[in-house]
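Residue numbers (the working numbering), protein chains in the order written: chain Z, 1 to 354; chain B, 355 to 708. All C-beta atoms, glycine included, are put in the ideal place defined by N, C-alpha and C. Taking it in order: structure first as structure tokens, then the write-up.
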DNA sequence: TGCCCGTGCTAAGACGATTTAGCAAGCACG
DNA sequence: CGTGCTTGCTAAATCGTCTTAGCACGGGCA
């Protein structure tokens with residue numbers, strides 16, 4: 001109970017040496033500074049005996065580092081979508097003996113500013129700025145004192161000073177289109193963005209890049225989207241309503257690409273309510289791999305946002321920045337993490353023409 | 355760039371006073387210690403001018419406190435379900451100028467142990483032990499050095515030393531049953547637990563208490579569940595399969611209580627696939643209020659787990675414990691937060707008997 | 001004149017570690 | 001015998017802040 005913590009001084013006096021010696025031994029610099037094996041062993045034994053654990057605040061004070069990173073997000077911790085991003089960052093940090101301070105800004109730049117200050121006051125060694133949705137964003141001031149990384153976001157400036165980690169949306173877009181084209185589909189509807197390359201919800205990188213990849217592959221196959229439907233909120237109601245309109249129109253097509261899984265959920269509802277089946281009548285490909293995707297019947301084929309991997313990479317990048325190993329060009333580089341395909345049961349070749 | 359931080363000594367010398375005086379003034383003890391108004395003003399002006407911000411590591415070292423709390427969860431940050439719990443804790447902490455260290459154990463006691471140690475090394479002032487699902491759990495050792503609170507969990511011992519915050523599942527169970535009974539339902543199926551009071555998945559407090567509340571109200575109305583179906587994983591497939599069996603059985607009933615929203619999702623699928631309607635043929639009440647509940651068609655009537663509020667309360671409780679205001683009986687007390695009803699469209703009176 | 005007291009401020013020592021500079025003893029060498 | 005190098009360890013400063021003890025000054029009182 002309430003026993004005072006064991007300090008370095010306690011260890012030193014119990015081992016009959018000076019605090020200096022104890023410090024040297026315990027920080028592994030014993031050899032280098034020629035402390036005799038006898039003494040080294042004695043100090044280590046005593047430290048273990050007493051259950052000595054260094055006070056990290058003190059170490060931080062001395063070394064000017066807090067042995068911690070800051071993770072500032074808009075709504076990642078909260079939004080039930082990207083928890084794995086935090087998990088990846090958390091694990092990568094813990095593996096290196098670092099802790100993670102997490103903060104949420106709700107997208108408010110003033111809150112962000114305050115949070116960053118609070119983190120710097122605590123001597124964090126680096127800061128990760130995470131976004132829920134891939135987006136371009138301005139860099140906050142005050143980040144000159146610690147290395148930083150953008151997670152799931154790009155800086156809205158020509159030559160940013162800090163690196164970014166983002167999913168490879170472009171390639172995922174290509175792969176999604178390829179999947180359908182290779183299955184034989186020619187009439188493909190787009191829900192969430194399109195049909196033109198500039199028909200994207202404002203501010204979303206994901207939408208723009210996915211669309212670009214899709215159009216690229218479609219174009220190579222000599223196709224254009226059967227239709228495209230932009231909407232700022234990618235939620236089930238819009239997916240439901242749009243799908244109904246598509247089914248009611250004369251030109252139902254054979255496949256739909258939804259820009260996220262929640263739109264796909266809405267599409268499922270509309271298709272089932274119309275008495276049609278997936279993938280028999282309509283194939284669906286989507287993006288995100290939310291838990292939902294696995295619960296839908298039939299299972300939704302979708303390209304996963306590699307949240308866990310993104311989180312891990314982000315801390316690796318801050319650490320590189322901290323140790324100064326990010327020379328020259330790496331400064332503002334963009335790291336793209338592949339989006340793996342989760343193949344389930346919502347894609348099939350179109351029904352043979354009657 | 356890279357300008358060294360402004361320290362207290364800088365402020366003091368710029369203001370022409372001793373560090374002591376500067377410290378006194380800036381920590382608001384100027385009056386008490388009779389520093390002249392002139393000097394006080396001068397120090398404050400200089401501090402503001404220089405943009406002085408205290409080094410919290412140093413303060414912590416001196417005061418033996420880290421101005422931070424630890425939030426250790428099994429899979430809360432990660433699991434896409436209880437993000438609001440973190441948000442509530444985060445906001446309550448930030449309001450008081452505290453930061454939150456977050457860690458995830460994945461349910462591994464060894465990891466938990468290490469994490470708690472790491473937090474204590476960093477001189478956190480208190481620790482919140484959070485669970486994804488309400489459960490009883492043993493208390494980890496090593497928590498003697500800092501106040502702690504159980505969030506969404508109960509200690510599995512007779513007289514625990516630390517308080518708990520949990521949703522009021524019992525009352526929610528009663529309210530759910532009451533809702534259906536008052537709408538006129540007599541044949542009510544239970545999916546997730548029941549029909550007997552001991553038919554609950556192992557280790558879940560939520561299941562036991564919800565069931566108890568339901569049976570209590572049903573009993574008062576002279577009813578018993580039409581059927582009950584226990585399962586350790588409350589996921590859509592079990593909801594789907596069980597609902598199918600219920601519909602196929604001779605005794606379809608008029609209402610279902612699902613023990614969480616994902617089970618309800620499965621029930622929706624089965625009901626729709628059977629060509630029946632909600633709430634015309636079957637009413638459904640559920641628990642959790644996951645985002646899903648709002649996306650289902652028709653909207654799912656459900657009792658929300660007050661994640662945000664739980665998170666906030668937990669921080670308030672640790673802080674009470676820290677400041678020692680939790681006298682006597684409060685030590686191991688259990689705080690129950692009400693589960694608000696989210697009334698949507700999945701409940702209606704049963705069809706009049708033909 | 002001498003003593004006491006209030007006013008307004010400062011010196012100096014923590015807090016717990018790291019690190020630089022350096023001391024003492026033993027030995028070799030010229 | 002003096003000098004210089006190794007070996008093995010320690011004293012003391014340092015990080016930035018808080019806090020205890022106390023100093024210097026001036027006025028009131030006996």
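DSSP three-state call for residue 39 (chain Z): helix, strand or coil?
Residue numbering aside, residue 39 (chain Z) sits at position 39 when the first chain is read from its first letter. Note: residue 39 (chain Z) maps to helix in three-state DSSP.
Do the CB positions of residue 203 (chain Z) and residue 172 (chain Z) come within less than 8 Å of each other?
Taking the first residue of the first chain as position 1, residue 203 (chain Z) is located at position 203. Taking the first residue of the first chain as position 1, residue 172 (chain Z) is located at position 172. Not in contact: residue 203 (chain Z) and residue 172 (chain Z) (Cβ atoms no closer than 8 Å).
Beta-carbon of residue 295 (chain Z) versus every beta-carbon of chain B: anything under 8 Å?
Within the first chain, numbered from 1, the residue matching residue 295 (chain Z) stands at position 295. So yes, residue 295 (chain Z) belongs to the interface.
What residues in the stretch 54 to 65 of chain Z bring their beta carbon closer than 8 Å to a beta carbon of chain B?
The residues in question are 54, 55, 56, 57, 58, 60, 61.
Taking C-beta pairs closer than 9 Å, name the residues in chain Z that residue 456 (chain B) reaches, listed in chain order.
Taking the first residue of the second chain as 1, we reach residue 456 (chain B) at position 102. 71, 77, 86, 90, 99, 100, 101, 102, listed in chain order.
Excluding sequence positions up to five away, which residues of its chain have a Cβ less than 8 Å from the Cβ of residue 54 (chain Z)?
On the first chain, residue 54 (chain Z) is found 54 positions in, with the first residue counted as 1. Only 8, 26 meet the Cβ criterion.
Check whether the Cβ atoms of residue 516 (chain B) and residue 504 (chain B) sit closer than 8 Å, and answer yes or no.
As a working mapping, residue 516 (chain B) is identified with position 162 in the second chain. As a working mapping, residue 504 (chain B) is identified with position 150 in the second chain. Cβ atoms of residue 516 (chain B) and residue 504 (chain B): closer than 8 Å.
Alpha carbons only, please: which of B:668, B:621, B:575, B:577 is nearest the one belonging to residue 583 (chain B)?
Working through the second chain from its first residue, we reach residue 583 (chain B) at position 229. Nearest C-alpha to residue 583 (chain B): B:621.
Does residue 356 (chain B) come out as helix, strand or coil in the three-state DSSP assignment?
Position 2 of the second chain holds residue 356 (chain B). Low per-residue confidence applies at residue 356 (chain B): pLDDT is 41, beneath 50, and the placement is therefore not dependable, though the value from the model is reported in the following sentence. Reduced to three states, the DSSP call for residue 356 (chain B) is coil.
Would you be able to state if there are at least three C-beta pairs under 8 Å between the stretch 307 to 326 of chain Z and the stretch 118 to 130 of chain Z?
Yes: at least three Cβ pairs fall under 8 Å.
What is the C-beta distance between residue 179 (chain Z) and residue 285 (chain Z), in whole angstroms, given that I count them as a contact (C-beta under 8 Å)?
Stepping through the first chain from its first residue, residue 179 (chain Z) is reached at position 179. Stepping through the first chain from its first residue, residue 285 (chain Z) is reached at position 285. Their Cβ separation, rounded to whole angstroms, is 6 Å, which keeps residue 179 (chain Z) and residue 285 (chain Z) in contact under 8 Å.
How is residue 307 (chain Z) classed by DSSP in three states: helix, strand or coil?
Taking the first residue of the first chain as position 1, residue 307 (chain Z) is located at position 307. Residue 307 (chain Z): helix per DSSP, three-state reduction.
Is the stretch 459 to 470 of chain B in contact with the stretch 393 to 404 of chain B, if contact means three or more CB pairs nearer than 8 Å?
Too few Cβ pairs lie closer than 8 Å, so no.
Show which residues of chain Z have a CB atom less than 9 Å away from the CB atom of residue 590 (chain B).
Counting from one through the second chain, the residue named residue 590 (chain B) turns up at place 236. Those within 9 Å of residue 590 (chain B) in chain Z are 294, 295, 296, 297.
Output yes if chain B places a C-beta closer than 8 Å to the C-beta of residue 209 (chain Z); else output no.
Counting from one through the first chain, the residue named residue 209 (chain Z) turns up at place 209. Cβ-Cβ to chain B under 8 Å: no for residue 209 (chain Z).
Tell me whether residue 203 (chain Z), by its Cβ, gets closer than 7 Å to a heavy atom of the ligand NAP.
The ligand NAP is absent from the structure shown, which contains no ligand whatsoever.
In this structure, what does DSSP give as the bridge partners for residue 334 (chain Z)?
Indexing the first chain from 1 puts residue 334 (chain Z) at position 334. Answer is Z:164.
With three or more C-beta pairs closer than 8 Å as the rule, is the stretch 252 to 263 of chain Z touching the stretch 234 to 241 of chain Z?
Touching, yes.
Residue 607 (chain B) and residue 545 (chain B): beta carbons closer than 8 Å?
As a position in the second chain, residue 607 (chain B) is number 253, starting the count at 1. As a position in the second chain, residue 545 (chain B) is number 191, starting the count at 1. Going by C-beta atoms, residue 607 (chain B) is not nearer than 8 Å to residue 545 (chain B).
Taking only runs of the alpha helix (DSSP H) that begin and end inside the stretch 87 to 147 of chain Z, which ones reach a length of at least 4 residues, in chain order?
Fully enclosed alpha helix (DSSP H) runs of 4 or longer: 109 to 121.
Taking a contact to mean a Cβ-Cβ separation below 8 Å, would you say residue 166 (chain Z) touches residue 336 (chain Z) in this structure?
Looking up residue 166 (chain Z) in the first chain gives position 166. Looking up residue 336 (chain Z) in the first chain gives position 336. For residue 166 (chain Z) and residue 336 (chain Z), yes; Cβs fall inside 8 Å.
Helix, strand or coil, according to DSSP, for residue 231 (chain Z) in the structure here?
Residue 231 (chain Z) sits at position 231 when you count from the first residue of the first chain. If DSSP states are grouped into helix, strand and coil, residue 231 (chain Z) belongs with coil.
I need the boundaries of the beta strand (DSSP E) containing residue 258 (chain Z), first residue and last residue.
As a first step, residue 258 (chain Z) is located in the first chain; it is residue number 258 there, counting from the start. Counting along the chain, the beta strand (DSSP E) containing residue 258 (chain Z) begins and ends at 255 to 258.
So, for residue 333 (chain Z): in the same chain, excluding its five sequence neighbours on each side, which residues have a beta-carbon less than 7 Å away from its beta-carbon?
Against the first chain, residue 333 (chain Z) aligns to sequence position 333. Cβ neighbours of residue 333 (chain Z) beyond the five flanking positions: 163.
Can at least three beta-carbon pairs, one atom from the stretch 493 to 502 of chain B and one from the stretch 133 to 142 of chain Z, be found at a separation below 8 Å?
No, they do not touch.
Classify residue 85 (chain Z): buried if its beta carbon has 16 or more other beta carbons within 10 angstroms, exposed otherwise.
Sequence index remark: in the first chain, residue 85 (chain Z) carries index 85 (1-based). Counting Cβ neighbours within 10 Å, residue 85 (chain Z) comes out buried, since at least 16 surround it.
Mapping DSSP to helix, strand and coil, what is residue 546 (chain B)?
Here the question's residue 546 (chain B) lines up with position 192 in the second chain. Strand at residue 546 (chain B).
Between the stretch 214 to 227 of chain Z and the stretch 290 to 297 of chain Z, do at least 3 Cβ pairs fall closer than 8 Å?
Too few Cβ pairs lie closer than 8 Å, so no.
Go ahead and label residue 417 (chain B) buried or exposed: buried means 16 or more other beta carbons lie within 10 angstroms of its beta carbon, across all protein chains shown.
Taking the first residue of the second chain as position 1, residue 417 (chain B) is located at position 63. So residue 417 (chain B) counts as exposed.
Would you verify that the beta carbon of residue 487 (chain B) is, or is not, closer than 8 Å to some beta carbon of chain Z?
Looking up residue 487 (chain B) in the second chain gives position 133. Not an interface residue.
Starting from the beta carbon of residue 626 (chain B), find every residue of chain Z whose beta carbon is closer than 7 Å, and list them in chain order.
Mapped onto the second chain, residue 626 (chain B) falls at position 272. In chain order: 272.
Per DSSP, residue 625 (chain B) is paired with what?
As a first step, residue 625 (chain B) must be located in the second chain, where it is residue number 271. Paired residues: none, contrary to the question.
Quick one, which residues of the stretch 470 to 487 of chain B are near chain Z if we go by CB-CB under 9 Å, in chain order?
Under the 9 Å Cβ criterion, the stretch 470 to 487 of chain B contributes 471, 472, 473, 474, 475, 476, 477.
For residue 20 (chain Z), does the count of other Cβ atoms within 10 angstroms reach 16, so buried, or fall short, so exposed?
The residue given as residue 20 (chain Z) occupies position 20 in the first chain. Its Cβ having fewer than 16 others within 10 Å, residue 20 (chain Z) is exposed.
Quick one: what does DSSP say residue 402 (chain B) is sitting in, helix, strand or coil?
In the second chain, counting from the first residue as 1, residue 402 (chain B) sits at position 48. In the structure shown, residue 402 (chain B) sits in a helix (DSSP, three-state: H, G or I).
Could one say the Cβ of residue 287 (chain Z) lies closer than 8 Å to chain B's Cβ atoms, at least one of them?
The residue labelled residue 287 (chain Z) in the question sits at position 287 within the first chain. Not an interface residue.
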